[in-house]
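Numbering (UniProt numbering), first residue to last: 1 to 424. By construction, the Cβ of each residue, glycine as well, lies at the ideal position given by its N, Cα and C atoms. Okay, structure first, notes after.
Printed below as a string of C-alpha cells:
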C-alpha cells in the first residue's frame, strides 16, 4: 500500500489537483485498493490533524503579520535598516536583507516578507543603479529569513507533528537566521565593491534616533511575542492572539493607516490564507497517519541504519531528500509528511530533535527558491515582471549561499542549540 501511495500522490498532482486534495485522495485510493480500513477514516484523520492547540496560533500569526504590513510598518523597518547599515558598501542592498530579518520576526512567512519588503525595495534598488537581476535575486532569497527567525509558522507545524517544544524551536531559529543574513550582507558588500556602487553617507545620531523612534511600535511586536512566550506569561497561541490586538492598535490608533473597511479586508484575506494552510495541514495529516499506521517510519529507519549509522552520511541523505521534496511541496506539507519519517531516524543517531527541526526548515526554505513550486519565485515574478526562469537564475548566487549556510547549520549544532540550552 505504501509503495502505491506516493506514486498515486504525484500522479494526482500532475493532473492539477490542489495539494491538500492530492494528499487526502491518495490516502483514500490506497486504502480502497490495497487496505482493509474503510476510506471514510480519511476525513476523520483530516479533522483530527487540525484539532491541535498549537495550530490555533497559525491564523493569529498570519493576521498579525497582515495587520502590520497594511499598517505601514514595512517602510519604517526599511528606514531603520538603512540608518543602521546603509553606509556600508552596497548599503541599500544590505539594508534590504536586514529589513527582511526585521519583518520576518513579525510575519513568520517567507512570501509575506518578499512582498512587504520587495515591493518597496526592488524599485528603490533599481532606481539607485543596482542591477535588476541582483536586486530581485537578493530579495527573493532574503525573504526566506521570514520562517527561520521566530515566530515561525513552519516551526509551529514541526513542533505539533514531532512533539517538540515550540518555545525551544523559536529560540533555535535565531542564530541560523543571523548566520544567513550575515552571509547575504557580506555578499552585498562584495558585489557592490566589485561594481563600484556609490555608498550612502554615514548617518548622524539624530537620524538613527529618528529611524528608531519611527519603527519603535513595530519593533515592539516581536518583543511582545517572544517576551510573552519565554517569560511564561503566554503560550505561543496566546501570544499570537495578543499580537493581533497589538498590531491592530498600532495600525489603527498609532499609525492611523488601518480603517474599519481595511480591517474587514485584512480579516477576510487572513481567513482565506489561514484556511488554505490548514486545509493542506489536514490533507498532510491523513498522509502522515497512514505512513505511521503501517510502520513505514520504523521500516525506513531500519533500512537506512542497516546501511550506515554515521550521522554525517544520514544527515547528508536527508538534506538531499528534503531539497528535492522542497521543489514539489510547500513547507507545511513537506514538514508533516517528512518529519515523522525522518526525525526518529535522526534521533537514533544522536541528532537533537530541535536541531533537526532547524535543518528541516532551512532545507525547505531553499525549496521556496526552486521551481516548480517555489512560492518566493512567483511572488518575485509579480514584483519584477520577470519570468520564472529569470527570477530563478537571478537568485542562483544567493541560493548557493543558502546551501552553504545549510551545510554549516547541519554539521555545527551549536547554531541551533546554543540559545535553547541557555534559555531552558
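Status (buried if at least 16 other CB within 10 Å, exposed otherwise) for residue i
i           : result
residue 268 : exposed
residue 377 : buried
residue 319 : buried
residue 312 : exposed
residue 287 : buried
residue 97  : buried
residue 177 : buried
residue 45  : buried
residue 5   : buried
residue 272 : exposed
residue 345 : buried
residue 341 : buried
residue 50  : exposed
residue 91  : buried
residue 424 : exposed
residue 59  : buried
residue 28  : buried
residue 420 : buried
residue 415 : buried
residue 9   : buried
residue 392 : buried
residue 140 : buried
Cut-off 7 Å between Cβ atoms - residues of its own chain near residue i, not counting five sequence neighbours on either side
i           : result
residue 155 : 166, 169, 170, 173, 357, 361
residue 61  : 108, 151, 153, 240
residue 289 : 45
residue 374 : 367, 368
residue 93  : 125, 130, 138, 188, 192
residue 228 : 234, 239, 242
residue 128 : 92
residue 274 : 58, 59, 62
Nonlocal neighbours in the same chain, by C-beta distance under 6 Å from residue i, ignoring five residues either side
i           : result
residue 211 : 79, 80, 83
residue 107 : 65, 113, 146
residue 144 : 110, 365, 368
residue 102 : 77
residue 322 : 363
residue 19  : 280, 333
residue 225 : 151, 239, 243
residue 359 : 410
residue 217 : 250, 254
residue 331 : 154, 364
residue 105 : 149, 222
Neighbourhood of residue i by C-beta distance below 8 Å, restricted to the same chain and skipping five residues each side
i           : result
residue 38  : 31
residue 12  : 21, 22, 25, 26
residue 388 : 371, 377, 378, 381
residue 207 : 83
residue 347 : 353, 356
residue 405 : 176, 179, 180, 183, 362
residue 417 : 172, 352, 354, 355
residue 41  : 31
residue 158 : 164, 169, 335, 339, 357, 360, 361
residue 383 : 114, 115, 118, 119, 122, 136, 139
Below-8 Å beta-carbon distance, residue i vs any chain B residue
i          : result
residue 98 : No chain B appears in this structure, which consists of one protein chain only.
Stretch pair the segment 124-133 + the segment 225-235: three plus CB contacts closer than 8 Å: no
Given 8 Å, three or more beta-carbon pairs between the segment 180-190 and the segment 57-74: no
4-residue-minimum alpha helix (DSSP H) runs that sit fully inside the segment 95-173, ordered along the chain: 110-127, 132-142, 145-148, 153-162, 166-172
Meets three-Cβ-pair contact criterion under 8 Å: the segment 187-203 and the segment 86-96: yes
Three or more C-beta pairs below 8 Å linking the segment 328-336 and the segment 269-287: yes
Segment contact flag, the segment 212-229 with the segment 242-253, C-beta cutoff 8 Å, min 3 pairs: yes
Complete alpha helix (DSSP H) runs within the segment 325-390 (minimum length 4 residues, chain order): 331-348, 353-367, 375-384
Any 3 or more C-beta pairs closer than 8 Å across the segment 384-398 and the segment 126-139: yes
Every unbroken alpha helix (DSSP H) inside the segment 249-307 [4 residues or more]: 260-293, 296-307
Length-filtered (4 minimum) alpha helix (DSSP H) runs lying within the segment 173-198: 174-195
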